[in-house]
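**Q**
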Amino acid sequence: MTSLVFLTVGFGASLIALRTKDEVNRIAALVAGSIFLVWGFALTPQAFQTLVEVSIIIPIFSICMRCLGCGSTR
């Protein structure tokens with residue numbers, strides 16, 4: 571339950587940071603939001619962490635494999 575609170579606060583702080591105009595407030599809110607997001611992600615159950623990590627790695631892996639195919643032939 572606490573992980574959900576931290577993730578919500580992290581997303582909320584990040585959204586507020588994107589809407590502000592002042593650079594100092596934007597940087598402070600983004601740093602705070604990222605800390606809360608990392609903290610909330612660390613407190614989530616192992617199954618959710620694995621699901622998120624796999625869903626991030628698969629698109630990145632496919633992009634990297636596509637880039638390897640486009641590279642120069644040696």
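Take the sequence shown: its letter number 65 is residue 635 in this note's numbering, and every next letter is one higher. All C-beta atoms, glycine included, are put in the ideal place defined by N, C-alpha and C. Nothing here was measured: the structure is a model prediction, and the numbers come from that model.
1. Count the other CB atoms, across all protein chains shown, that sit within 10 Å of the CB of Ala-583; report buried if there are 16 or more and exposed otherwise.
2. Tell me where the alpha helix (DSSP H) around Thr-578 begins and ends.
3. Using CA coordinates, which residue listed in Val-575, Ala-587, Leu-607, Met-635 is at the minimum distance from Val-622?
4. What is the DSSP secondary structure of Pro-629, counted as helix, strand or coil?
**A** This is what the structure holds:
1. For the purposes of this step, residue 583 is taken as residue 13 along the sequence shown, with counting starting at 1. With 16 or more other Cβ atoms within 10 Å, it is buried.
2. On the sequence shown, position 8 is the one that residue 578 refers to. Its alpha helix (DSSP H) spans residues 572-589.
3. In the sequence shown, counting from the first residue as 1, residue 622 sits at position 52. Taking only the C-alpha atoms, the option nearest Val-622 is Leu-607.
4. Looking up residue 629 in the sequence shown gives position 59. Taken through DSSP and simplified to helix, strand or coil, Pro-629 comes out as helix.
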